[in-house]
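Quick note, the sequence shown lines up with residues -27 to -1, 1 to 153 if you use mature numbering (1 follows the signal peptide of the UniProt record, and there is no 0).
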Amino acid sequence: MKKTIPVNIGRRLMFFFLCLYSFGIFAQNVDVTGYVTDAKNEPLIGVTLKVIGESEKGTVTDFDGKFILTNVPSNAKIEVSYVGMQKQVIELKGRKTINIVMSEDTELLDEVVVVAYGVQKKVSVTGAISTVSTKDLRVSTSPSLANALAGRIAGLTSMQRVGGQPGVDDATMYLRGASR
């Protein structure tokens, strides 16, 4: 006599194995946390972390250098970049916690300029660029920061309103002339 499995039990078994298979798919994604520091073990604020191959997945480190990437494939590669530091690509290999130490890229700092909307190579910048070092500002005899900058940057004019309150200069700065 041949034994047969009722259709109802077969459907239940098929549903059970289908559920097990779908849990395996979801288990492949992990939440990744960690810290990004420099060679002196100081946290780096604003480091960009992007999942390679998935343009919408990425994050930026907070004030303590901490980051959280959610729902990332366990075998993903993460690109870590920061102005003045060497770019790194890190493979997760199933890890959920990563502490990243970034090293300085001194050659890159001489070639790039930080502009309002990102970083550009000095060669490709079409506008005028002026830099003032903190050393220059410290040796300045000017009593206010606004006047010290105006004396160092071509085309910058500083006007102060005298209010009489100590410590408040209420300066207004104009670059290449005032527009009214």
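Don't be surprised by glycine CBs; every beta carbon is placed ideally from N, CA and C. Computed from a predicted structure; not experimentally measured.
Contact under 8 Å by Cβ, Gln132 with Thr114: Position 159 of the sequence shown, counted from the first residue, corresponds to residue 132. Position 141 of the sequence shown, counted from the first residue, corresponds to residue 114. At residue 132 the sequence reads Met, which differs from the Gln that was named. Result no, Cβ atoms of Met132 and Thr114 do not sit closer than 8 Å.
At least three beta-carbon pairs within less than 8 Å, the segment 38 to 58 to the segment 5 to 20: yes
Where Leu65 sits in the DSSP three-state scheme: The count along the sequence shown starts at 1 and reaches residue 65 at position 92. Three-state result, Leu65: coil.
Short CB-CB distance (under 8 Å) between Gln1 and chain B: In the displayed structure, chain B is absent; only one protein chain is listed.
Residues that DSSP places opposite Lys60 in a beta bridge: Reading the sequence shown from its first residue, position 87 is the one you call residue 60. Partner(s): none; Lys60 has no beta bridge.
Own chain partners of Thr34 with C-beta closer than 7 Å, once the 5 adjacent residues on each side are dropped: Start at 1 with the first residue of the sequence shown, and residue 34 comes out as number 61. Cβ neighbours of Thr34 beyond the five flanking positions: Val9, Leu17, Ile18, Gly19, Val20, Phe40.
Pair within 8 Å by beta-carbon distance, Ile25 and Val62: For the purposes of this step, residue 25 is identified with residue 52 of the sequence shown, where counting begins at 1. For the purposes of this step, residue 62 is identified with residue 89 of the sequence shown, where counting begins at 1. Yes, the Cβ-Cβ distance between Ile25 and Val62 is below 8 Å.
Among Lys94, Ala127, Lys60, Gln93, the one whose alpha carbon lies nearest that of Ile73: Here the question's residue 73 lines up with position 100 in the sequence shown. Of the listed residues, the one whose Cα sits closest to Ile73 is Lys60.
Residues that Tyr55 bridges to, as DSSP identifies them: Here residue 55 corresponds to residue number 82 of the sequence shown, with the count starting at 1. Paired residues: none, contrary to the question.
Beta bridge counterpart(s) of Val24 as assigned by DSSP: Looking up residue 24 in the sequence shown gives position 51. Val24 pairs with Ile51.
Short Cβ contact (8 Å threshold) for Val105 with Leu122: Here residue 105 is taken as the residue at index 132 of the sequence shown, counted from 1. Here residue 122 is taken as the residue at index 149 of the sequence shown, counted from 1. Yes, the Cβ-Cβ distance between Val105 and Leu122 is below 8 Å.
Residue from Arg125, Asp78, Asp109 whose Cα sits closest to the Cα of Ile102: Within the sequence shown, the letter at position 129 stands for residue 102. Nearest C-alpha to Ile102: Arg125.
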